[in-house]
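**Student:** Mind having a look at this structure? Questions to follow.
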Amino acid sequence: MKISPRTSSLFAAILSWALFSALTVFIILGLRDRARLIRDNDNERLFSLLFTSLRNYDNFGSAIESTGLLRERIIGFGIYGEDLTPSYQWGSVPQVFDEDILKDYKAVKNGRYTIPDRRGNRIKFILSTEGMMSPPQQRRNQENNRDRDREENKNREDKTPGFFTTFARGKYIYIDISHTAYWRGQTLTAIAFPLCELALLALVFFVRGLYLRNREYRERIEGQKNLVVLGTAASTLAHEIKNPLLSIRLQTGILGKLFPEKGREELGIINEEVDRLSALSYRINDYLRDAAGQPVPLNISNVLSEASLRLCGRNIVEEDSAQDALVLMDTERARSVIENLIRNALESGSAENAIGAAILRHSGNSGDNELQKNSQHSIIVISIYDRGRGIAEGDLKRVFDPFFTSKSTGTGIGLSISKRFVEAAGGAISIENREGGGTAVFITLGEYV
């Protein structure tokens, strides 16, 4: 089954959007991971600065209040003992530490927990003193320095024995840190992602629209090339064929008068061939003239019935066909299309009683035809069918090309003219072989309302 350019381009657009979306997700996740690493590094830096500042102060609160960066960033500090109540607190901290909040987070870097608090633009930085203790091998390396530091620690404990005892007996260290920049970045990435998705979607479908328009433009250019070729051919035919044909016709007329009883059959053949060549030149002129003509509302059912009565001697339209099918099209061009298709059916070798036609009405946005899919109004579909020789599968794509024909006496211009007139009226025409032999031609036009 052949996939139309619109369908294939739609699949390509969706696939491109999915690939670009995956790339966007990768970039967004990368930015978020980078922001998380910067946040964790910032926590460690503040924690290190806090302990470094403690050398010059008696407690954590004094160190925080006396250091500008710590005072700006740290909102609360607390030390919680085994009973989970604060043995030391500064700023805003919970009165009872809830250990259950640690179950949802994985400890990293020696008992450190990072708990986001989006509502307050904060990060709860919690340290387990058990995780902070040095491993055995490091402890053994520190024993050599313990005697040297014991005197200094003793002097400090003499100054503030209660505070350092409290710190040493603490189970958790709780630091509430302000992270406005981090949460601002998280919000921006959360907003940017759907906006990027919409922008990508719009860009992809904009490119698809450009592709379809360029494709239609190329098809029109190809059609213009055909017109240039036919225009040259028409000009050549006008100068090189019409004048000799007039001379031949004149001479056969003279011969007919001079010898009325002799060569009548031969002169008739000559006249028939002259008429056929003249008709060919006129058909090419039909192709080159304004395809749209003067569109008027007309009942295509009446046109089809009149043409079939004149060419077939009977009305070939099925009884259950739509009888009031109005379309907007030039009357003469509509008759030309219908008559050409009926003549093709008669010349296909089909029995006359096997030639038929039908007119159906379809609602808009339905069916396989592109016009049916894109129309918001009802669609009129005219079909003319026969049980003739049919068309070779390899020739189905070429039957509407100018001068292409599989008939020994055909000009190859009739279907090209029909296609040009139908498309100028905003419709579409297609042809296909029928099961059991023969062909069916379908003309799709929008209903006039």
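Following our numbering, the numbering of the sequence shown begins with 1 at its first residue and continues without gaps. We put the CB at the ideal spot given by N, CA and C, even for glycine.
By how many angstroms is the C-alpha of GLU272 removed from the C-alpha of ILE254?
**Tutor:** So the alpha carbons of these two residues sit roughly 16 Å apart.
**Student:** Tell me, which residues are paired with ALA190 by DSSP?
**Tutor:** Per DSSP, none; premise fails for ALA190.
**Student:** In terms of DSSP beta bridges, what is ARG176 paired with?
**Tutor:** The residue asked about is misnamed: residue 176 is Asp in this sequence, not Arg. DSSP, once it has assigned bridges, lists GLY76, LYS124 as partnering ASP176.
**Student:** Note the first and the last residue of the continuous beta strand (DSSP E) segment covering ASN41.
**Tutor:** No beta strand (DSSP E) holds ASN41; the alpha helix (DSSP H) holding it covers 5 to 53.
**Student:** Starting from ALA392, follow its DSSP beta bridges and name the residues at the other end.
**Tutor:** In DSSP, ALA392 forms no bridge with anything.
**Student:** Whether or not the stretch 343 to 351 and the stretch 380 to 392 are in contact is what I'm after, with contact meaning three or more pairs of Cβ atoms, one per stretch, closer than 8 Å; do they touch?
**Tutor:** yes
**Student:** Are THR67 and SER53 touching if we call contact CB-CB under 8 Å?
**Tutor:** yes
**Student:** Who are the Cβ neighbours of ALA24 in its own chain at under 6 Å, not counting the five residues just before and after it?
**Tutor:** Before going further, note that residue 24 is Thr rather than Ala in the sequence given. Excluding residues within five positions, the ones whose Cβ falls inside 6 Å are CYS196.
**Student:** Does the Cβ of TYR80 have 16 or more other Cβ atoms within 10 Å, making it buried, or fewer, making it exposed?
**Tutor:** buried
**Student:** Using C-beta distances below 8 Å, list every residue in its chain close to GLU130, excluding the 5 sequence neighbours before and after it, in chain order.
**Tutor:** GLY111, LYS171
**Student:** Can you list the beta strand (DSSP E) stretches of 3 or more residues lying completely in the stretch 290 to 374, in chain order?
**Tutor:** 296 to 299, 326 to 329, 356 to 362
**Student:** If you draw a straight line from the alpha carbon of VAL93 to that of ASP176, how long is it in whole angstroms?
**Tutor:** 8 Å
**Student:** If you draw a straight line from the alpha carbon of SER505 to that of VAL317, how long is it in whole angstroms?
**Tutor:** Coverage of the chain is limited to positions 1 through 449, which leaves residue 505 absent and any answer about it impossible.
**Student:** Within 8 Å, do at least three Cβ pairs link the stretch 180 to 190 to the stretch 26 to 40?
**Tutor:** yes
**Student:** Please determine, among ASN214, ILE123, GLY209, SER21, the residue with the shortest C-alpha to C-alpha distance to ARG36.
**Tutor:** ILE123
**Student:** Look up GLN142 in the DSSP assignment and say whether it is helix, strand or coil.
**Tutor:** Confidence in GLN142 is poor, its pLDDT being 46 and thus under 50, which makes the residue's placement unreliable; the coordinate value appears in the next sentence. The answer is helix: DSSP assigns GLN142 an H, G or I state.
**Student:** Does the Cβ-Cβ distance between VAL204 and SER62 come in under 8 Å?
**Tutor:** The Cβ-Cβ distance between VAL204 and SER62 does not fall below 8 Å.
**Student:** Under the rule that 16 or more other beta-carbon atoms within 10 Å means buried, what is GLN137, buried or exposed?
**Tutor:** A caution first: GLN137 carries a pLDDT of 40, below 50, which makes its placement in the model unreliable, though a value can still be read off. GLN137 should be labelled exposed.
**Student:** Let me check one thing: in DSSP terms, what residues is TRP90 bridge-paired to?
**Tutor:** PHE77
**Student:** Helix, strand or coil for THR252 per DSSP?
**Tutor:** In the three-state reduction of the DSSP assignment, THR252 falls in the helix class.
**Student:** Give the DSSP-derived three-state secondary structure of ILE379 in the structure shown.
**Tutor:** strand
**Student:** Could you check if ARG333 belongs to the surroundings of the ligand HEM, using beta carbon to heavy atom distance under 7 Å?
**Tutor:** The model depicted lacks the ligand HEM and carries no ligand whatsoever.
**Student:** Are there 16 or more other CB atoms within 10 angstroms of the CB of SER416, so buried, or fewer, so exposed?
**Tutor:** Classification of SER416: buried, given that the 10 Å Cβ count is 16 or more.
**Student:** Tell me the rounded alpha-carbon separation between PHE60 and SER87.
**Tutor:** 13 Å
**Student:** Enumerate in chain order the residues of its own chain whose CB-to-CB distance from GLU65 is below 7 Å, with the five nearest sequence positions on each side excluded.
**Tutor:** ARG71
**Student:** Given that a residue counts as buried once 16 or more other Cβ atoms are within 10 Å of its Cβ, and exposed if not, what is LYS106?
**Tutor:** When all chains shown are included, LYS106 counts as exposed.
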